[in-house]
Structure formats: C-alpha cells, structure tokens
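**Student:** My questions all concern the structure below.
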Amino acid sequence: MWLNRDIVSIGDFTKEEVMQVIEKANEMLPYASSGHPEKPLSGKVVSTLFYEPSTRTRLSFESAVFRMGGNVLGFGSLEATSVVKGETLSDTIRIVNSYSDAIILRHPSEGAARLASEFADVPVINAGDGAGQHPTQTLLDIFTIWKELGSVDGKKIGFVGDLKYGRTVHSLSKALSMFDVSLYFISPEELKIPKHIKREIDKKVPVREAKNIEEIIEELDVLYVTRIQKERFPDINEYKKVAGTYVIRPSLLTRGKRNLIIMHPLPRVNEIPPEVDSSPHARYFKQASYGVPLRMALLDLIFRGD
Amino acid sequence: MWLNRDIVSIGDFTKEEVMQVIEKANEMLPYASSGHPEKPLSGKVVSTLFYEPSTRTRLSFESAVFRMGGNVLGFGSLEATSVVKGETLSDTIRIVNSYSDAIILRHPSEGAARLASEFADVPVINAGDGAGQHPTQTLLDIFTIWKELGSVDGKKIGFVGDLKYGRTVHSLSKALSMFDVSLYFISPEELKIPKHIKREIDKKVPVREAKNIEEIIEELDVLYVTRIQKERFPDINEYKKVAGTYVIRPSLLTRGKRNLIIMHPLPRVNEIPPEVDSSPHARYFKQASYGVPLRMALLDLIFRGD
Amino acid sequence: MWLNRDIVSIGDFTKEEVMQVIEKANEMLPYASSGHPEKPLSGKVVSTLFYEPSTRTRLSFESAVFRMGGNVLGFGSLEATSVVKGETLSDTIRIVNSYSDAIILRHPSEGAARLASEFADVPVINAGDGAGQHPTQTLLDIFTIWKELGSVDGKKIGFVGDLKYGRTVHSLSKALSMFDVSLYFISPEELKIPKHIKREIDKKVPVREAKNIEEIIEELDVLYVTRIQKERFPDINEYKKVAGTYVIRPSLLTRGKRNLIIMHPLPRVNEIPPEVDSSPHARYFKQASYGVPLRMALLDLIFRGD
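Which chain is which? The protein sequence lines are A, B and C, in order.
585 is the number of the first residue of the first sequence in our numbering; add one for each residue after it.
585 is the number of the first residue of the second sequence in our numbering; add one for each residue after it.
585 is the number of the first residue of the third sequence in our numbering; add one for each residue after it.
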C-alpha cells in the first residue's frame, strides 16, 4: 500500500517494506544520473518546505524529483523563518497542500511531520523533524549497506561517535534490528547510546558496547562514523581528548576486514581525515550519492504504487 | 486584449474583464491539480522577483507556472535585499526582461509594478506593491465568492477587521462595487475604512458601516475577515480590547445565513479560532487554493490571449 | 574538445575556441527567447552553487538551462553561508557532483573553481571566484563587441574606471589581446591597470594609457565603463573628485564615432547617467541580455560537444 503514503517514521516500516524500497532504489540507480525514461512525475509539483537548512537532503530530493520529470517549489530556510513566522504549521500545510502533489518537510520540532501528515491530503515525506525522525536518511543508509556488501543480513555493524544525541544512529540501529545483524556501539562514556534504545534493540539482535574502535575493528563489516559536536561538552579539553580518540586514521583501517566499509551521514569535520577518502573502505560519498535513487524510489512508490 | 497585458491594478479592469478572468479560472480548475494538458507555457520562463517575502503568493504563482508547463527563476526576498541593493528597480527590470517571458513582481514601494511595466517589454504582473495594489488577490477573492455562492451579483458582503490599512479590503471593495452588491464595513473606530474609499464605493453600491458583527451577521452572504495588527495601536490594552471584539466565534456563526461563507486572505492569527475550520461556513483554505487556478487563468490570458 | 569540459579561466581558451563560443552563441540567439527546439538538456540537472549573491549571473544561467530544456537546483548565497558552513568545498562538490550533470560555482575565494573542477567528475563552470576569474562574463563581453560591431579584430577598445581591482577588466583585456585590437586604459592614478597585466598585454597588442576620456574618445569603437567604488579611497573627497571625472555624460558621447558602443558589466551606480540609456551608443542592457545565449552556447558545447 504505497500509493499516497506518508513517510513519517522509519518505525512505520516493516522489514518487507524496507526491502521493497531498497529494491526499487536499485531499479532507479541507472536513472539517477540519466533521468527516468518514463518521467513518472511529469506535470507533478512537489513542495520542499525546509524550515531548517539542509543542502544535502534538499538538493538530493530536488534532483530526484527532476530525474522523475517533476517540478519543485518551496523555501529553503532563512526565508522560512521570516515568511511563515506567525502562521501555524497546520495552516501553512493546508495551504501548500493545494499547491502541490506531495510535501517534503524539514522542521526543527519533533513530531512536525506527523502533524503535517494529519492536515495534508497529499503525501508528506519527513525530511527530518528535530530530534525526531529522518526516515529517508535511514533508508539510504540501509540501501548503502545492501548495495555495497550484497546484503544486510549477516553483517556486523559498528556505530562510532556521538551515539547519545545523533538521531541518525538511533533510527538506523532500530531499523537494522529488524534484520539479522550484530550491532556495536562505540562511544565515549558521555555520549553512549540511550538506555531505552539499547534495550529495544537488545531484544532483537546481539548488541555490544565498546569504548575503543580498536577493540572491535577486526570484527566489523560496517563502521558507521558520526560527528562528535564540541557543544556537547562543558569542558573543551574533555572534548579534545574524546574527539581525538574517535578519529578514523588510515592505520586503524589496516586492521579491518578486507571488505570493511566506512560510512558517515556527512558533513564530517575531523573525524575522518582526507587521507581516508582514497581508501577502498571509504563509502561516505557513495552513500551520499545513493540519496538520489533512494528518494526516486520513494517518489515512485508514493506516486505510482507498487 | 489580453495578450502580453500588464496586470498592475485592479482599477484597470472592467467588470467584463473581471468576469473573463473568473470564467477562465473556472476552466483551469481541474488543471490546477493535474496540470494543463496542453502545457501552454512549455519552453517559457517566468521570473518571480520578490523584494518582500510572501509564501502564499509566490508559491501559488510558481505552482501555476509549473501546472502550465513553464519554468520559474527569480529570488524570494532575503537574498534580494543584499543582491539587488544599489541597483535601481528599472535597471533590474530591464535586465530580467531579457531573461524571461513575464515578470511577477512584489515590492515594498507603492507604484513599483507600474514603473516596472514601463521598463519591461514582457508583461509585468503585480504581486503586491506596498500599500498599493495586489490585483491577483482581489481576483481570487472575487472568484471565491462567485464559485462558492454561484454569483457575485446580489450578494451582501461584510468586511471586518482592519479596514483602514488593509490594501486587500480597499482593492476588493472597490472591485466589488462594479457588481450589484451591498457592502458592510465592520471595524473599530480606529480602523475604519478611509473616507475617500467609502465615498468612491458609495456612489455605486449600498454601503453600511457597523461597529459590531452582531448587528449585521444575519444579513450577510460573505464575511471577509482580516487581521488586526498590534502595531496599529499605541496602547496594547486598547489593542487587546479591540482584537477580542472582532474574533469570529462559532457561536456568532450560528446566527448567520445557512450559506454564509467566511473568507480571510491569510495568514490569520487569532481572529478566526481553529474551531471554525471545520464549520461549513469556513472557506479561507478553499480561497487560498483558488490562488492556483486564478493565476493559471491570468497566465493563460496573457500568454495565449482570449 | 568541448564535451564535459570545465570552464575555469578565460586563460584556458585559444582564440579559435573563443570564436567557437561566439559563433555558437550567435546560433543560440533566436532560442534565447523562445527556447531551444531540440531541448538538448532535457532530463538534465544543473547545480548553481552560489556562495556569494549574483542576480545577473545566476538568473541568466538558470534562464539558459531552462531554454535548453534542463532543470536547476542549488542555493543562492545567504542560505549557503549557514548551510554549507563547516564543510570543505571539496566535500560539498563531491556530493553535489552526484546530484547533477554540471556544477556552476560562484565562490568568494580565488581558485575555488579550479579546486572544484579537480573534485568533480561532472563539468564545473566558474561563475566568478573572488578576485580570480569570471570567464563567462568575458565571453559575453567579447560576443557583445563581435555582434554589435561585426567583428573584434580591428577595433579600438577603451576601458574606463577602476582598472586596478576590477577582475572584469583584467580578464577581458587579456582575452582581447589574442585579437587584433588596440586597447586604451583610462583611469585615475590610484586605479591604474596593474603593471603585470599591462606588460602581458603590451607584448601582443598596442596599448595606451590616459587620464581623461576626452583625450581618446574620438578614436574608440568601444568604451567599456566600470564602477569606481567608494571603498577604494581612504579620503571621500578624493573619491568624489575622481568619480565625477569618469562619468559618461551625453555631451562626451557627441564627440565619439558614430558607431561607438558603450558597455558596462552592471550594476552601474552613477558612472552612466540615465540620460545615456536612450543614446544609440548605449549597449549595456543589450550586453546583459547576451548573457543567456552565451551561456546556452557553453552548455551546448559542454553537453553535446562541437
């Protein structure tokens, strides 16, 4: 039942549905650079309402819409703050609802996409709502693992960095726990994965926590790196100590499996130095590139059904 | 004579021309959600130069252009201030004139659209020029009355709120005075309709002023509500007293005609509480949705003639 | 060898290549207002990454892409500063590289376009990089001379205004020195053409410097005017004296050749008064309009080869 479906939370997806999206994205892959030959969105208008900036997500959605033959209207954030200020989100949604065939929403408040989906007749796609969800990022991360390693089942996947605040890690680890995987959480004490998330995942798949990447690098098929933000630390020296520990140095990678892949939701700061870019393990730019076929897949499913 | 016509002021329209736009908008209505089958703007480029922010007007114009098969370039305001700063409007217009087939202009200064139309060879559509004109809003308001009530002639239309400063009310009431209507102006003493406007309208149609909606709610076919802005009042208490008086409560509506419709140019703040949204009288979101077919109608007339 | 070529610096072009662009732009001229009948960019996506504002360049590129049947994504500056902040240019380029078929880049840092071209697989077009290059402006300037005067060879071209800091003048004068032209540099002492540029040009074509336009106005076929910026002068009175001297008054033009053309990269401030706009010598708005066919020509060469 994909036709006109809202994409609000990865929690709304079954494993079968995730796999349907993955397979559709694989089908879209050649069209992501040349354009879909059937132009399934011809004559369609998609709104991108970005109340917060996001180059990557917004531009890859726009590219996906264009590659499918559609058009895009909307705003990209700075404008939004002044323009829609004073109007409730539900009012804005009800209006834009009549200007377009789907709404892609990024909003600073958790729950914004769910609210929007209740006021819109057209499908709403959540492009990130604060500390909440960012389901298309999670889907493109799973697609990357599937595509680069041939399957998700059977893989050992380690998350490193800020596991406390990063919504990317929370969503992705929950979604992966629907698969037959082992998950590893590597972080400083201050940024450990929240207990309620660990508990939920623990019921379904093997989970292990570690303080150092070195302890477990040899076991991993995927090392998913995230940024550690200075702002999380009251003491800058504490930050510096910690940040240095979680940098992915080329020397570390020599100890990994031959097929180990390094992923990162980007933007990165210092946690992956540029020397790693040319490593055969590096997949973070490839991962970003999958944003287009993955989003084309969702648009195809929503606009044409399965 | 619609081909390449500038749309600067509603005062330039005869009643016959208004009706031509209304009928064309009605024709466009099914295409406003599915796209015009003939793509009359295929290969065309329309500029949206918004020196002031305006989600509703800009997005509905862009949707209209896309539904007609055209493309849009331009800027959406914050940018504008820094970019075009220091260049005269006439210079900017002469340049953009050569980049596009029509110019849609919003500008903070009254008269800007008229000036632009003198420097552009391509048609200029006024999307609001300060305290001046916003003719496409007026046309969509008239279309809403016509569509929702079956006709404009014979209707009793009340305006409530800030009738002193609101250009929406000034333009619409003047345009409606070309029809066989009765007009009611309901406002606090401080925000009464300006005398010169009332005098002009008075010559053509019956006009009545009132201080309370209750006095006349039973007579009305249309209640057109506008926002009362805090900034208009030197004393905040005075504002609060007044604002509360002009809130459209559900209890008030029970006293209205069965077919009474409530309109509002949006955004609203507190003057229409959310409880009214589900009332059969509420038409303000429908009104906003008519922005697309109405603007498609104008584009069709300007690009293809009648 | 035009297919997929980066357009970084006018210094990368031979005279033959400049002429190829000029002739292609001439071919595109009728399509610049009606759209290219073959839609050579159908299904293609072009990124416009503007880290600095630029109405003229951005809008004319977007118009060119639309006239060729393509789509545009990107950002227009204010947004950019907040969005892509903290990410290296090379990372942003590698990502956007996978979202689009070509990248048009404006950036405040000299060398940014060259760097970008090294990280992108898709062609990069430099739309201005700080004090560096702006090759499409130079090409459209040459096209203007060629189109308005019938040829470039044999012409006497004078530059007036800020010849010290203006990258437009530096690039154009270097490019013109590949042709059989005479060049004249007219500026206040403080804003003379840099010695290393003059020396380079001097080897190839006759060069003359002057302090007053009056001295040489009678000889010129082209008077290329640029803005003198207040900020260049420590003393405002010095600025005022100088600025007044280099204003192109109608009386001055009466002494010029019958076919003299006045060009300006725009925006202008006071250096060309509005009275000159209606003069048969004025070509600066025509020059701006050539931005679209010129950029269409480059897109055609890059996407389809020669």
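By construction, the Cβ of each residue, glycine as well, lies at the ideal position given by its N, Cα and C atoms.
Under 8 Å, Cβ to Cβ, is there at least one residue of chain B near residue 750 of chain A?
**Tutor:** The residue given as residue 750 of chain A occupies position 166 in the first sequence. With 8 Å as the cut-off, residue 750 of chain A does not count as an interface residue toward chain B.
**Student:** Using C-beta distances below 7 Å, list every residue in its chain close to residue 745 of chain B, excluding the 5 sequence neighbours before and after it, in chain order.
**Tutor:** Stepping through the second sequence from its first residue, residue 745 of chain B is reached at position 161. The residues are 771, 809, 810, 811, 812, 830 and 855.
**Student:** Please list the segments of the alpha helix (DSSP H) lying wholly inside the segment 776-851 of chain C, counting only runs of 4 or more residues, in order along the chain.
**Tutor:** 779-786, 820-829 and 834-837
**Student:** Should residue 819 of chain A be labelled buried (16 or more other beta-carbon atoms within 10 Å of its own) or exposed?
**Tutor:** Taking the first sequence and counting its residues from 1, the one referred to as residue 819 of chain A is at position 235. Result: exposed.
**Student:** Excluding sequence positions up to five away, which residues of its chain have a Cβ less than 7 Å from the Cβ of residue 586 of chain C?
**Tutor:** Locating residue 586 of chain C in the third sequence gives position 2, where the first residue counts as 1. Correct list, in chain order: 885, 886, 889 and 890.
**Student:** Per the DSSP calculation, residue 633 of chain C is bridged to which residue(s)?
**Tutor:** Position 49 of the third sequence, counting from 1, holds the residue named residue 633 of chain C. Answer is C/659 and C/689, bridged to residue 633 of chain C.
**Student:** Can at least three beta-carbon pairs, one atom from the segment 869-882 of chain A and one from the segment 588-604 of chain B, be found at a separation below 8 Å?
**Tutor:** no
**Student:** For residue 690 of chain C, count neighbouring Cβ atoms within 10 angstroms of its own Cβ and tell me buried if that reaches 16, exposed if not.
**Tutor:** Numbered from its first residue, the third sequence carries residue 690 of chain C at position 106. The residue is buried, with at least 16 neighbouring Cβ atoms inside 10 Å.
**Student:** Residues of chain A with a CB under 7 Å from the CB of residue 851 of chain B: which are they?
**Tutor:** Counting from one through the second sequence, the residue named residue 851 of chain B turns up at place 267. What residue 851 of chain B touches in chain A: 670, 671 and 675.
**Student:** Output, in chain order, the set of chain C residues within a Cβ distance shorter than 9 Å of residue 869 of chain A.
**Tutor:** Numbered from its first residue, the first sequence carries residue 869 of chain A at position 285. Within 9 Å Cβ-Cβ: 675, 678, 679, 681 and 682.
**Student:** Measure the beta-carbon distance from residue 713 of chain C to residue 693 of chain C and round it to whole angstroms, keeping in mind my assumption that it falls under 8 Å.
**Tutor:** Here the question's residue 713 of chain C lines up with position 129 in the third sequence. Here the question's residue 693 of chain C lines up with position 109 in the third sequence. Residue 713 of chain C to residue 693 of chain C, Cβ: 6 Å. Contact.
**Student:** Let me know the secondary structure DSSP gives residue 703 of chain A once reduced to three states.
**Tutor:** Walking along the first sequence from the start, residue 703 of chain A turns up at place 119. Helix.
**Student:** So, residue 878 of chain C versus residue 632 of chain C, is the Cβ gap smaller than 8 Å?
**Tutor:** In the third sequence, residue 878 of chain C corresponds to position 294, counting from 1. In the third sequence, residue 632 of chain C corresponds to position 48, counting from 1. Their beta carbons are not under 8 Å apart, which means residue 878 of chain C does not touch residue 632 of chain C by this criterion.
**Student:** At 8 Å on the CB atoms, spell out the chain C contacts of residue 651 of chain A, in chain order.
**Tutor:** Stepping through the first sequence from its first residue, residue 651 of chain A is reached at position 67. Residues of chain C passing the Cβ test: 627 and 629.
**Student:** For the putative contact between residue 728 of chain C and residue 847 of chain C, defined by C-beta atoms under 8 Å, what is the C-beta separation to the nearest angstrom?
**Tutor:** For the purposes of this step, residue 728 of chain C is taken as residue 144 along the third sequence, with counting starting at 1. For the purposes of this step, residue 847 of chain C is taken as residue 263 along the third sequence, with counting starting at 1. Yes, they are in contact, since the Cβ atoms of residue 728 of chain C and residue 847 of chain C sit about 6 Å apart, within 8 Å.
**Student:** Straight-line CA distance for residue 786 of chain A to residue 715 of chain C?
**Tutor:** Counted from its first residue, the first sequence places residue 786 of chain A at position 202. Counted from its first residue, the third sequence places residue 715 of chain C at position 131. If you take the alpha carbons of residue 786 of chain A and residue 715 of chain C, they lie about 57 Å apart.
**Student:** Kindly identify the DSSP beta-bridge partner or partners of residue 744 of chain A.
**Tutor:** The sequence position of residue 744 of chain A within the first sequence is 160, counting from 1. Paired residues: A/770 and A/809.
**Student:** Which class does residue 710 of chain C belong to by DSSP, given the choice of helix, strand or coil?
**Tutor:** As a working note, residue 710 of chain C is residue 126 in the third sequence. Strand at residue 710 of chain C.
**Student:** To the nearest angstrom, how far is the alpha carbon of residue 791 of chain C from that of residue 784 of chain C?
**Tutor:** As a first step, residue 791 of chain C must be located in the third sequence, where it is residue number 207. As a first step, residue 784 of chain C must be located in the third sequence, where it is residue number 200. If you take the alpha carbons of residue 791 of chain C and residue 784 of chain C, they lie about 11 Å apart.
**Student:** Please work out which residues of its chain come closer than 6 Å, Cβ to Cβ, to residue 703 of chain B, disregarding the five sequence neighbours upstream and downstream, and give them in chain order.
**Tutor:** In the second sequence, counting from the first residue as 1, residue 703 of chain B sits at position 119. Only 674, 677 and 678 meet the Cβ criterion.
**Student:** Residues of chain B with a CB under 9 Å from the CB of residue 643 of chain C: which are they?
**Tutor:** Residue mapping note: residue 643 of chain C aligns to position 59 of the third sequence, counting from 1. Within chain B, the residues near residue 643 of chain C are 631, 657, 658, 659, 679, 680, 683 and 684.
**Student:** So who's on the other strand from residue 591 of chain B, going by DSSP bridges?
**Tutor:** The residue given as residue 591 of chain B occupies position 7 in the second sequence. Answer is B/709, bridged to residue 591 of chain B.
**Student:** Under 8 Å, Cβ to Cβ, is there at least one residue of chain A near residue 876 of chain B?
**Tutor:** Position 292 of the second sequence, counted from the start, is the residue given in the question as residue 876 of chain B. Chain A contact via Cβ: present.
**Student:** With a threshold of 8 Å between beta carbons, is residue 872 of chain C in contact with chain B?
**Tutor:** Here residue 872 of chain C corresponds to residue number 288 of the third sequence, with the count starting at 1. Yes - at least one Cβ of chain B is within 8 Å of the one on residue 872 of chain C.
**Student:** Would you kindly work out how many angstroms separate the C-alpha atoms of residue 776 of chain B and residue 608 of chain B, rounded to a whole number?
**Tutor:** To locate residue 776 of chain B, count along the second sequence from 1; it is residue 192. To locate residue 608 of chain B, count along the second sequence from 1; it is residue 24. Roughly 35 Å separates the two Cα atoms.
**Student:** Nearest by alpha-carbon distance to residue 833 of chain B: which of B/798, B/742, B/701 and B/595 is it?
**Tutor:** Here the question's residue 833 of chain B lines up with position 249 in the second sequence. Closest option to residue 833 of chain B, Cα to Cα, is B/798.
**Student:** Beta-carbon within less than 6 Å of residue 654 of chain A's beta-carbon, same chain only, minus the 5 sequence neighbours each way: which residues are those?
**Tutor:** Your numbering for residue 654 of chain A matches position 70 in the first sequence. For residue 654 of chain A, where only same-chain residues beyond five positions count, the Cβ hits under 6 Å are 625, 628 and 630.
**Student:** Compare the C-alpha of residue 826 of chain C against each of C/780, C/773, C/836 and C/865 and name the closest.
**Tutor:** Translated into positions along the third sequence, residue 826 of chain C becomes position 242. By alpha-carbon distance to residue 826 of chain C, the top candidate from C/780, C/773, C/836 and C/865 is C/773.
**Student:** Helix, strand or coil: which one does DSSP assign to residue 715 of chain B?
**Tutor:** Walking along the second sequence from the start, residue 715 of chain B turns up at place 131. Correct three-state label for residue 715 of chain B: coil.
**Student:** Can you give the Cα-Cα distance for residue 696 of chain B and residue 709 of chain B, rounded to whole angstroms?
**Tutor:** Position 112 of the second sequence holds residue 696 of chain B. Position 125 of the second sequence holds residue 709 of chain B. Answer to the nearest angstrom: the Cα atoms are 11 Å apart.
**Student:** How many angstroms separate the CA atom of residue 758 of chain C from the CA atom of residue 645 of chain A?
**Tutor:** Here the question's residue 758 of chain C lines up with position 174 in the third sequence. Here the question's residue 645 of chain A lines up with position 61 in the first sequence. For residue 758 of chain C and residue 645 of chain A, the distance between alpha carbons rounds to 42 Å.
**Student:** Just confirm the distance between the C-beta atoms of residue 804 of chain C and residue 844 of chain C, as a whole number of angstroms; I'd bet it's less than 8 Å.
**Tutor:** Here the question's residue 804 of chain C lines up with position 220 in the third sequence. Here the question's residue 844 of chain C lines up with position 260 in the third sequence. Residue 804 of chain C to residue 844 of chain C, Cβ: 6 Å. Contact.
**Student:** Determine the direct distance from the alpha carbon of residue 762 of chain C to that of residue 753 of chain C, and round the result to whole angstroms.
**Tutor:** Indexing the third sequence from 1 puts residue 753 of chain C at position 169. Indexing the third sequence from 1 puts residue 762 of chain C at position 178. One C-alpha to the other measures close to 15 Å.
**Student:** Within the same chain, show all residues whose beta-carbon is closer than 6 Å to that of residue 881 of chain C, passing over the 5 residues directly before and after it, in chain order.
**Tutor:** On the third sequence, residue 881 of chain C is found 297 positions in, with the first residue counted as 1. Closer than 6 Å at the Cβ level, and outside the excluded window around residue 881 of chain C, lie 605, 608, 609 and 612.
**Student:** Are the C-beta atoms of residue 639 of chain C and some chain B residue less than 8 Å apart?
**Tutor:** For the purposes of this step, residue 639 of chain C is identified with residue 55 of the third sequence, where counting begins at 1. By this cut-off, residue 639 of chain C is an interface position.
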